[in-house]
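*Asks:* What follows is a single structure, and I will ask about it in a moment.
Residue numbers (the UniProt record's numbering), protein chains in the order written: chain A, 1 to 324; chain B, 1 to 324.
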C-alpha cells in the first residue's frame, strides 16, 4: 500500500509538507504543492483525509471547465500554458474534496454538466447570456464583464499595476512604457488602468502598446515602439510571458536588462524565477485562485449564498533582477 | 423538548422553511430568516444540524466584532441600526456553525480575540496598521481602503449606482441629483463614482451634496440644494435612510413622490418596503454578506487560502413606488 512516506520521498519533501499540502494549509510554495500533487497522482495515493472528505460530501457533481478556441490553440502551441494549468490543478484537487469531478469542454459548445467554469478573457456578454439561459451555476475564472452580475474570481490587476508603476516612478524613472494584452480581457484592462492612473498622478505621459500573444509578433511591437517613442527607461508588461519576450527582443538589440531598461511582469509563472534575468513581477496566488474557485462553485452547486459575488485576489510584488 | 414544529409555529412559517433557514438554502427572504432565528433564540431550540456541525468543528474560536465610536453612537441613537444588525445576525448564526463565538468590542481598543471583524467605513490606514501588527486574522466588513492589501467583504456600489442612474436617465430625466454619505467610506465612494460615470456618459451634469447621518441635518441639505440648484426630477440617495429623510423633507415642502421627484435608495433595509411610498432601491444581500464574512473568517482562522481577497457582492435593483 502506498503511504504518505512514499509520496514525501517521491516529491523530495518532508512528510509534514505533504500533510500541509493535503490539508491546504499556508506557507507551502506553489512549486512544492505542484510536486506533491504530481507525486500523489503518479503513485495513485489515496490519502485518508480526502477519502473522509469525499464521504462527507457524498453527492458527486460534474463541472465543465469551459475553454475558448483561442485558449485551446494557445495550449496546443504551448504559448501560455503555465498560468491556467497551475490554477486548474488546484481547482481540481480542492474540488475533488467537495465531491466535484471536472471535465474539459468548449466555451461555445459545452457538454452537459451540473455547473460550468468559464476560463479566461474570451467570455463575452453573449456567452454569459447563453450560460444564464442554461440555468445551471457558472462562474467566470480570471475575467469579468462590467455591467454583468455574475459570479467571478479575478486578480486585482489595478492594485498590482498601480503599485508596480509607482515603484518605478519612485526609482526616478520618467519614461515608463506599458505593453499590454487585449483590453477586452478584464485582467489586462485593470492593469492598464492601474498603470495609467499612477502615471497621470505623477504628471507623466503614459505610453502603451498592444501585444496579443496569439496574433502579434513581439519583434514588430518593439520595433514600432522604438521608432515611434524611443527607448524607455522601464517597461511594465501586463504578464510574464510578454515581459520575457520583451526582454528577448531588447537583448537582441544589445540592451542590458536591468542596466538599460528595467522590466516588470505580472503573474509570477513558475518559469519567472528561472528566467535570465529572473523577473520582477506581481505574484498571482494561482493555488488560492484555484481553491477559491472550487469552493465558490461548490457553494453554488449546493445553493448556499448564491447571489453573484466577485472575488478579487490581491497580488504581491516580487523584486528580482529584471528591474532595479 | 423543543422541536422544529414549535419553531415553525412560533415564527408563523412552515417546517420546510425552518429547515431551509437552518441549512442556509436560497429562496428564503431576509425577513423570514430573521423571524425564524428570533423564534429559535426565544425558544432556545438546539437543532441537530447545528449540533453536528459544531461537533465537526470542535475548535472554538473567539472573534471580535469591532465597532467605531461613531457606529456605537449611531446604534445608541437608533439612527441606522438595521443594516449592520441584519448582517451581524447572519454572521453570528453562520459563524456558530463553524465554531466561532463572537463578542462586540471597540475598533480602536479591541479586547484579545483569535480574529477581528472591523465593521463599517471608519477604519483608517492607521487602524489597519494597528491590526496588522497584532498578527491575528482580520477583515474589513463593508469597507476597503484603496492601496491596502487586506481581506474585505464589500458591496459593489459602483455597479448598483451606475445601474440606478442609467435607469433614471432612460426614464427621460436630465436633472438627476445625488445625495451621498461621507466619501471616505468605500461604499459611498463606489456609489458616487457609479453615479458620476453614468451622468458623464450621458453628457449630463452631476450635482451632488454630502449628507452625514451623524453630523448633518437633512433640512439644511435640502434647503441648500434647492436654493443653489433648484428642484431635481430625480434623486439617487446613497442609502435608504438618506432616501427616507429626503422624502420627508420634500413632502414637508409639498412635493409629491414620485410625481414631482423620483427617489432611489440603496441597501433595501427591512423598513424600505413599508415606507410611504415604498422605496425603489438597490438590494444588498445582507444575509449572504454576513454568511460570506463568517466563512471567510473561518478560512483565515484555520489558515486556508489566507492571501488577501476582496469579496464584492452585486446588488439587485428593486422597483417600488418612490420612483417612476
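We put the beta carbon where it would ideally sit given N, CA and C, even for glycine.
For clarity, every value in this text was computed on a predicted model and none was experimentally measured.
(1) CA-CA distance, residue 52 of chain B and residue 220 of chain B?
(2) Residue 4 of chain B to residue 134 of chain A, Cα distance in whole Å?
(3) Output, in chain order, the set of chain B residues within a Cβ distance shorter than 7 angstroms of residue 288 of chain A.
(4) Check whether the stretch 107-126 of chain B touches the stretch 307-324 of chain B, taking contact to mean three or more Cβ pairs, one atom from each stretch, closer than 8 angstroms.
(5) Does residue 314 of chain B come within less than 9 angstroms of chain A when only Cβ atoms are used?
(6) Could you tell me the alpha carbon to alpha carbon distance between residue 20 of chain B and residue 303 of chain A, rounded to whole angstroms?
(7) What did DSSP end up calling residue 200 of chain A once you bin it into helix, strand or coil?
(8) Just verifying my parser: in three-state terms, what is the DSSP assignment at residue 30 of chain B?
(9) Within the 9 angstroms Cβ cut-off, does residue 139 of chain A reach chain B?
(10) Cβ atoms of residue 194 of chain B and residue 172 of chain B: under 9 angstroms apart, would you say?
(11) Under three-state DSSP, which class holds residue 106 of chain B?
(12) So, are the CB atoms of residue 300 of chain B and residue 139 of chain B less than 9 angstroms apart?
(13) Can you list, in chain order, the residues of the stretch 124-149 of chain A whose Cβ is nearer than 7 angstroms to any Cβ on chain B?
(14) My assumption, with CB atoms under 8 angstroms, is that residue 28 of chain B sits in contact with residue 11 of chain B. Please give the rounded CB distance.
(15) Are the beta-carbon atoms belonging to residue 326 of chain B and residue 264 of chain B less than 9 angstroms from one another?
(16) What's the call for residue 142 of chain B, buried or exposed, on a 16-neighbour Cβ count within 10 Å?
(17) Going by the beta-carbon positions, is the gap between residue 167 of chain B and residue 266 of chain B smaller than 9 angstroms?
(18) If we cut at 9 angstroms on Cβ distances, does residue 269 of chain B have a partner in chain A?
(19) Using the three-state DSSP reduction, which class does residue 242 of chain A fall into: helix, strand or coil?
(20) Taking Cβ to Cβ, would you say residue 229 of chain A is nearer than 9 angstroms to residue 268 of chain A?
(21) Between which residues of its own chain and residue 54 of chain A is the CB-CB distance below 8 angstroms, once the five residues before and five after are set aside?
(22) Can you look up residue 280 of chain B in the DSSP assignment and give me helix, strand or coil?
(23) What are the boundary residues of the beta strand (DSSP E) that residue 179 of chain B is part of?
(24) Give me whichever residues DSSP pairs with residue 207 of chain B in a beta bridge.
(25) Can you list, in chain order, the residues of its chain whose CB lies under 6 angstroms from that of residue 209 of chain B, leaving out five sequence neighbours each side?
(26) Hey, could you find the ends of the beta strand (DSSP E) residue 148 of chain B is sitting in?
(27) When the distance is taken between beta carbons, is residue 235 of chain B closer than 9 angstroms to residue 243 of chain B?
(28) How many whole angstroms separate the CB atoms of residue 101 of chain A and residue 60 of chain A, which I take to be in contact at a CB cut-off of 8 angstroms?
(29) Secondary structure at residue 132 of chain A, three-state DSSP: helix, strand or coil?
(30) Cα separation between residue 49 of chain B and residue 43 of chain A?
(31) Within 9 angstroms of any Cβ in chain B, is that where the Cβ of residue 54 of chain A sits?
(32) Could you tell me which of A/204, A/164, A/68 sits nearest to residue 121 of chain A, measuring between CA atoms?
(33) Out of A/259, A/182, A/272, A/186, state which residue places its alpha-carbon closest to the alpha-carbon of residue 153 of chain A.
(34) List the residues of chain B whose Cβ lies closer than 7 angstroms to the Cβ of residue 311 of chain A, in chain order.
(35) Consider the Cβ of residue 291 of chain B: report whether some Cβ of chain A lies at a distance smaller than 9 angstroms.
(36) Work out the CA separation of residue 260 of chain A and residue 281 of chain B for me, nearest whole Å.
*Replies:* Taking the coordinates as given:
(1) Because residue 52 of chain B sits at a pLDDT of 47, beneath the cut-off of 50, its placement in the model cannot be relied upon, and the following sentence gives the value as read from the coordinates. Whole-angstrom Cα-Cα distance: 55 angstroms.
(2) One C-alpha to the other measures close to 36 angstroms.
(3) The answer, in chain order, is 305, 307.
(4) No, the stretch 107-126 of chain B is not in contact with the stretch 307-324 of chain B.
(5) Taking Cβ atoms only, chain A reaches closer than 9 angstroms to residue 314 of chain B, which makes this a yes.
(6) C-alpha separation (whole angstroms): 10 angstroms.
(7) Here DSSP, grouped into helix, strand and coil, assigns residue 200 of chain A to helix.
(8) In the three-state scheme derived from DSSP, where H, G and I count as helix and E and B as strand, residue 30 of chain B is classed as helix.
(9) So no, residue 139 of chain A is outside the interface.
(10) Contact flag unset, no.
(11) Strand, per DSSP.
(12) Contact flag set, yes.
(13) Within the stretch 124-149 of chain A, the qualifying residues are 149.
(14) In this structure residue 28 of chain B is not in contact with residue 11 of chain B, their Cβ atoms being roughly 11 angstroms apart against a cut-off of 8 angstroms.
(15) The shown model of chain B, from 1 to 324, leaves out residue 326 of chain B, and the question about it has no answer.
(16) Buried, because 16 or more other Cβ atoms sit within 10 Å of the Cβ of residue 142 of chain B.
(17) No, they are not a contact pair.
(18) Residue contact check for residue 269 of chain B against chain A: no CB pair falls below 9 angstroms.
(19) In the structure shown, residue 242 of chain A adopts helical secondary structure according to DSSP, grouped into three states.
(20) Note that the C-beta distance between residue 229 of chain A and residue 268 of chain A is not below 9 angstroms.
(21) Reliability fails at residue 54 of chain A, whose pLDDT of 46 lies under 50, so the model's placement of it is uncertain and the value that follows must be treated cautiously. Excluding residues within five positions, the ones whose Cβ falls inside 8 angstroms are 96, 97, 99.
(22) Strand at residue 280 of chain B.
(23) Taken as a continuous stretch (DSSP letters only), the beta strand (DSSP E) holding residue 179 of chain B covers 176-180.
(24) BP columns for residue 207 of chain B point to B/177.
(25) Same-chain partners within the cutoff: 179, 221, 225.
(26) Element bounds for residue 148 of chain B: n/a, residue is neither H nor E.
(27) Yes; because the gap between Cβ atoms is below 9 angstroms, this pair is in contact.
(28) That belief holds up - the Cβ atoms of residue 101 of chain A and residue 60 of chain A are roughly 6 angstroms apart, short of 8 angstroms.
(29) Here DSSP, grouped into helix, strand and coil, assigns residue 132 of chain A to helix.
(30) Low confidence applies to residue 49 of chain B: its pLDDT is 49, below 50, so where it sits in the model is not reliable, and the reading given next is rough at best. A straight line joining the alpha-carbon of residue 49 of chain B with that of residue 43 of chain A spans about 38 angstroms.
(31) Note on residue 54 of chain A: pLDDT 46, under 50, position unreliable in the model; no value is reported.
(32) If we check each option's Cα against that of residue 121 of chain A, A/68 comes out closest.
(33) When each option's Cα is compared against that of residue 153 of chain A, the closest is A/186.
(34) Per Cβ cutoff of 7 angstroms: 309, 311.
(35) At least one chain A Cβ lies under 9 angstroms of residue 291 of chain B.
(36) Spanning the two alpha carbons is a distance of roughly 55 angstroms.
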